[in-house]
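Numbering (this note's numbering), first residue to last: 53 to 410.
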């Protein structure tokens, strides 16, 4: 198949292959002999050695230039050690190591499911293990930059991707949106979801305490810390662990999850306690309703002219729009609970005849 696909001018393929395997029942002598043959490639172009958590600490594999995980198991120290097998080099020599991780998507999943699919859990764990060897390189994958035409992910729809120096670290069988890839690194490698949730709740709590609500602009990020004196933070400074946390984007993501019905009750309750704004449309309605109550209290009815305002709020236009929705059927019709709230202010707020006659 390789010959047919590549032909004479195609990619090089091994003429001879050596392969062996090791398990826990093999003796130390047998393991040493197999490792020696693996290091020498036993006269073959390529050598493959399979094992299941057999090659522990102290086993030298400097000749290994690639590790394939058929299944990612073991503790994080085990994974860090396994990653190190491909990274070890001889003094004075260099090599390009490959770490191959299969991603087996479940039914209905696509490559766009990186943030939620369990299929990418192994990749996240191995990137976390690689981070133990090179923190800077892995963290650079989460830094949004202008995308390039070539690289790990192709062009991103959001116009942001990963740093050019780190693009070569990840190579997928199919193109990935670099913005999605950067989010994957941030949310599943650098700050796993549970930690990210705690940071989001804490940032939301502080924001609500300082502003009085959770109507967070999408672009809002926790500002960097102010100058400090000694070990005490400056007045008004955010906790260091929240610096540059994208609270606006986090709130928007939580709203989308809530609309899908995928946000757990406990988390909904946590945010409700903070005064979470689940919908901007709901906020606009509540503000309009408050203005309608105020105007009706002053005038004795809820039949304001179109140009009427109450404390700067365009209550006349707002009530006119609610009447239009109340007379509509199907999509866009006024919800029954909202109709009842307006009728509680003035039962004749939406008469069947002209407002002026009423």
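Just so it is clear, CB atoms sit at the ideal spot from N, CA and C, and this is done for glycine as well.
Would residue i be called buried (16 or more neighbouring beta carbons within 10 Å of its own) or exposed?
| i | result |
| --- | --- |
| residue 368 | buried |
| residue 328 | buried |
| residue 116 | buried |
| residue 348 | buried |
| residue 172 | buried |
| residue 343 | buried |
| residue 270 | exposed |
| residue 122 | exposed |
| residue 290 | buried |
| residue 260 | buried |
| residue 120 | exposed |
Near residue i, what residues of its chain come up, given a Cβ to Cβ distance below 8 Å and the 5 sequence neighbours on each side ignored?
| i | result |
| --- | --- |
| residue 226 | 163 |
| residue 294 | 251, 254, 255, 258 and 274 |
| residue 322 | 253 |
Within a Cβ cutoff of 6 Å, which residues of the same chain sit near residue i, ignoring the five residues on either side of it in sequence?
| i | result |
| --- | --- |
| residue 180 | 241 |
| residue 128 | none |
| residue 403 | 410 |
| residue 301 | none |
| residue 99 | 70, 90 and 93 |
| residue 184 | 132 |
| residue 272 | 299 and 300 |
Check whether the Cβ atoms of residue i and residue j lie closer than 9 Å to each other.
| i | j | result |
| --- | --- | --- |
| residue 135 | residue 151 | yes |
| residue 222 | residue 266 | no |
| residue 353 | residue 324 | no |
| residue 320 | residue 332 | no |
| residue 96 | residue 113 | no |
| residue 83 | residue 104 | no |
| residue 401 | residue 375 | yes |
| residue 299 | residue 341 | no |
| residue 195 | residue 234 | yes |
| residue 130 | residue 153 | no |
| residue 355 | residue 407 | yes |
Locate the beta strand (DSSP E) running through residue i, then write down its first and last residues.
| i | result |
| --- | --- |
| residue 306 | No beta strand (DSSP E) contains residue 306, which is instead part of the alpha helix (DSSP H) from 299-311. |
| residue 151 | 150-152 |
| residue 320 | That residue, residue 320, is in no beta strand (DSSP E); its alpha helix (DSSP H) goes 317-325. |
| residue 268 | No beta strand (DSSP E) contains residue 268, which DSSP labels as neither H nor E. |
| residue 224 | Premise fails: residue 224 is in no beta strand (DSSP E) and is neither H nor E. |
| residue 127 | Looking at the DSSP string, residue 127 is not in any beta strand (DSSP E), and its letter there is neither H nor E. |
Terminal residues of the continuous alpha helix (DSSP H) containing residue i?
| i | result |
| --- | --- |
| residue 182 | 173-185 |
Does residue i come within less than 9 Å of chain B when only Cβ atoms are used?
| i | result |
| --- | --- |
| residue 315 | Looking for chain B here will not work: only one protein chain is present. |
Here's a check: name, in chain order, each residue in its chain whose Cβ is nearer than 7 Å to the Cβ of residue i, leaving out the five neighbours to either side.
| i | result |
| --- | --- |
| residue 176 | 240 and 241 |
| residue 139 | 149 and 185 |
Which runs of the alpha helix (DSSP H) at least 4 residues long sit entirely within the stretch 61-102? Give them in chain order. 80-92
Note down, one range per segment and in chain order, each alpha helix (DSSP H) of at least 4 residues found wholly within the stretch 328-406. 332-351, 367-378 and 388-397
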